[in-house]
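**Q**
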Amino acid sequence: MQDPVLVINCGSSSIKYALIASGDAPARLAGLAERLGGEDARLTGTDSRGERFAEPLAGADHHAAMAAILDRLEGLAPVAVGHRVVHGGERFHDATRLDDAVVRALEGLSELAPLHNPANLEGIGATRRLFPDLPQVAVFDTAFHQTLPPRAYRYALPEPLYRRHGIRRYGFHGSSHAYVSRRVATLSGRQDGGWLIAHLGNGCSACAVWRGESVDTSMGLTPLEGLVMGTRSGDVDPGLHAHLARRLGWSLERIDRLLNHESGLLGLSGLSNDMRRLEQAAAEHHAGAWLAIEVFCYRLAKALAALTCALPRLDGIVFTGGIGEHAPAVRARVIHQLHHFGARLDAGANAAIDGTEGRVDAGQGPELWVIPTDEEAWIAAETRRLLESPRS
Ligand SMILES: Nc1ncnc2c1ncn2[C@@H]1O[C@H](COP(=O)(O)OP(=O)(O)O)[C@@H](O)[C@H]1O
Ligand SMILES: CC(=O)OP(=O)(O)O
Ligand SMILES: [Mg+2]
473 MQDPVLVINC GSSSIKYALI ASGDAPARLA GLAERLGGED ARLTGTDSRG
523 ERFAEPLAGA DHHAAMAAIL DRLEGLAPVA VGHRVVHGGE RFHDATRLDD
573 AVVRALEGLS ELAPLHNPAN LEGIGATRRL FPDLPQVAVF DTAFHQTLPP
623 RAYRYALPEP LYRRHGIRRY GFHGSSHAYV SRRVATLSGR QDGGWLIAHL
673 GNGCSACAVW RGESVDTSMG LTPLEGLVMG TRSGDVDPGL HAHLARRLGW
723 SLERIDRLLN HESGLLGLSG LSNDMRRLEQ AAAEHHAGAW LAIEVFCYRL
773 AKALAALTCA LPRLDGIVFT GGIGEHAPAV RARVIHQLHH FGARLDAGAN
823 AAIDGTEGRV DAGQGPELWV IPTDEEAWIA AETRRLLESP RS
């Protein structure tokens, strides 16, 4: 494996990793350490022979899980580590080499992405201790959205809140939107096109991309704005916060927990945050599961329709993320609700595609694509780009 970059995507209770070689068809080893901190923690992945493995990691924390991941890399020493960092705030516009001062600045941004940045910092701390001599790079979810114009990134709030406190829309999932928009431009041959990307994972966001640049997106100051997600509410009336505080005496922490952890698909269905589980339950006539899927799809279609305003021309729509890649019924519902844009699915192609790249429109209206995202490939490429640039 040539000059491999280790990519770390640290969540609150999981670490996704990939060791990605350089070259046109880069080899990779990848895996997932999940349920960290619990007795059922485990590490699963693919080894250098392409075989799947599963290893129990009972009680392991992030540091112990990182050590187990390194054991699995079988002596393939990385030349650098690239980290996903969700929030770069006003200060970080591009991939940045990590040192003590950058880590301190990232700690200061944690309150803007409380589900994500603290976990990203755990991963950074663990790998800096394990590899004190390797260059390490932060690749920000917010970086791709640096091209948003003011009309898209400003809230209708008094100007000093923006100028003095950085209260603006930042947007997230940038590595995914960047990777997928490059990929669809290549596959479709439309480098200059206008695209809508729907990234539908546990967190969900949509992005309008014109000529390769993000021009608007559904997430805002924090990764809570916009679409309905697994456990996050997405948009609610901003008056809800004051109402809950006055009527129910709820604290800010309680409201934060409600909107980040107890809402979305989970809150609507009363059953699960997992789309697979909801589709099964809906097939068995569970009313909450039906409603959750209906609200999820309607709100997504409405957001995509609104985002067309950011594009001089709509060439196509791309679905990605676990739900976007694997749930044909969700794609079908959303496209049906966008029929007045001329969007028409090929039902057979839509049903057949599952976790692979392909076009699913009926040959008229905007092109419709499914493209599996690869945030790790984007982060590895950005890490190399930074380290190979003359200024690094
Ligand atoms: N076959 C499937 N059908 C429907 N939903 C699926 C399927 N496979 C995965 N998903 C959904 O994808 C979501 C997780 O997306 P993923 O991109 O893996 O998450 P993360 O944001 O954690 O990377 C879950 O809601 C899961 O149910
Ligand atoms: C920003 C965000 O929502 O990330 P994730 O989908 O990994 O939760
Ligand atoms: Mg994700």
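When we follow our numbering, the leftmost residue of the sequence shown carries the number 473, and every step to the right adds one. Every residue, glycine too, gets a C-beta built ideally from N, C-alpha and C.
Excluding the 5 residues preceding and the 5 following Gln809 in the sequence, name in chain order all residues of the same chain whose CB lies nearer than 6 Å to its CB.
**A** Within the sequence shown, numbered from 1, the residue matching residue 809 stands at position 337. Within the same chain, Gln809 has close Cβ partners Ala773.
**Q** Would you list the residues whose beta-carbon is nearer than 6 Å to any heavy atom of ligand 2, in the order they occur in the chain?
**A** Val558, His588, Asp613, Phe644, His645, Gly673, Asn674, Gly675 and Pro695
**Q** Anyone know if the C-beta pair for Asn822 and Arg805 falls short of 8 Å?
**A** On the sequence shown, position 350 is the one that residue 822 refers to. On the sequence shown, position 333 is the one that residue 805 refers to. Against a cut-off of 8 Å, the Cβ pair of Arg805 and Asn822 comes out as no contact.
**Q** Cβ of Ala799 within 7 Å of any heavy atom in ligand 1?
**A** For this step, residue 799 is matched to residue 327 along the sequence shown. Short note on Ala799: C-beta closer than 7 Å to some heavy atom of ligand 1.
**Q** Consult DSSP for Gln608 and reduce its assignment to one of helix, strand or coil.
**A** In the sequence shown, counting from the first residue as 1, residue 608 sits at position 136. Strand.
**Q** Is it the case that the CB of Met691 approaches a heavy atom of ligand 1 more closely than 7 Å?
**A** For the purposes of this step, residue 691 is identified with residue 219 of the sequence shown, where counting begins at 1. No, Cβ of Met691 sits at least 7 Å from all heavy atoms of ligand 1.
**Q** Taking only runs that begin and end inside the region 674-734, name each unbroken alpha helix (DSSP H) of 4 or more residues, in chain order.
**A** 711-720 and 724-733
**Q** Does DSSP put Leu672 in a helix, in a strand, or in coil?
**A** Here residue 672 is taken as the residue at index 200 of the sequence shown, counted from 1. Residue state, collapsed to three classes: strand.
**Q** Going by C-alpha to C-alpha distance, which of Arg635, Leu578 and Met701 sits closest to Cys769?
**A** For the purposes of this step, residue 769 is identified with residue 297 of the sequence shown, where counting begins at 1. Ranking Arg635, Leu578 and Met701 by Cα distance to Cys769 puts Met701 first.
**Q** May I ask you to verify whether the region 671-678 touches the region 686-697, counting CB pairs closer than 8 Å and requiring at least 3?
**A** yes
**Q** Can you tell which of His588, Asp571 and Val551 has its C-alpha closest to the C-alpha of His559?
**A** Taking the first residue of the sequence shown as position 1, residue 559 is located at position 87. Proximity to His559 across His588, Asp571 and Val551 peaks at His588, based on C-alpha coordinates.
**Q** Examine ligand 1 and report whether any of its heavy atoms sits within less than 7 Å of the Cβ of Ile795.
**A** As a first step, residue 795 is located in the sequence shown; it is residue number 323 there, counting from the start. True, at least one ligand heavy atom lies under 7 Å from that Cβ.
**Q** Specify, as a first and last residue, the run of the alpha helix (DSSP H) that Gly793 falls within.
**A** What you label residue 793 is simply residue 321 of the sequence shown in a count that begins at 1. Here the alpha helix (DSSP H) through Gly793 covers Gly793 to His798.
**Q** In or out: Leu731 buried (at least 16 other Cβ within 10 Å) or exposed?
**A** In the sequence shown, residue 731 corresponds to position 259, counting from 1. That one is buried.
**Q** Confirm, please, whether the CB-CB distance from Val609 to Arg563 is below 8 Å.
**A** Against the sequence shown, residue 563 aligns to sequence position 91. Against the sequence shown, residue 609 aligns to sequence position 137. It is not a contact, given that the beta carbons lie outside the stated cut-off.
**Q** Relative to the alpha-carbon of Val553, which residue among Arg863, Ser861 and Ala853 has its alpha-carbon at the smallest distance?
**A** For the purposes of this step, residue 553 is taken as residue 81 along the sequence shown, with counting starting at 1. It is Ala853.
**Q** Using DSSP with H/G/I as helix, E/B as strand and the rest coil, what is Arg805?
**A** Start at 1 with the first residue of the sequence shown, and residue 805 comes out as number 333. DSSP places Arg805 in helix when its eight states are reduced to three.
**Q** Could you work out which residue in Gly820, Phe603 and Leu699 is closest to Glu766 when comparing CA atoms only?
**A** Indexing the sequence shown from 1 puts residue 766 at position 294. When each option's Cα is compared against that of Glu766, the closest is Leu699.
**Q** Bridge partners for Thr518 per DSSP, in chain order?
**A** What you label residue 518 is simply residue 46 of the sequence shown in a count that begins at 1. Arg524, per the DSSP bridge assignment.
**Q** So, are the CB atoms of His883 and Thr780 less than 8 Å apart?
**A** Within the shown structure, residues of the chain are numbered from 473 to 864, placing residue 883 beyond reach of any answer.
**Q** Cβ of Gly742 within 7 Å of any heavy atom in ligand 1?
**A** Indexing the sequence shown from 1 puts residue 742 at position 270. The answer is no for Gly742.
**Q** Check Ala754 in the structure and name its three-state DSSP category.
**A** The residue labelled residue 754 in the question sits at position 282 within the sequence shown. Correct three-state label for Ala754: helix.
**Q** How is Val553 classed by DSSP in three states: helix, strand or coil?
**A** Translated into positions along the sequence shown, residue 553 becomes position 81. In the structure shown, Val553 sits in a strand (DSSP, three-state: E or B).
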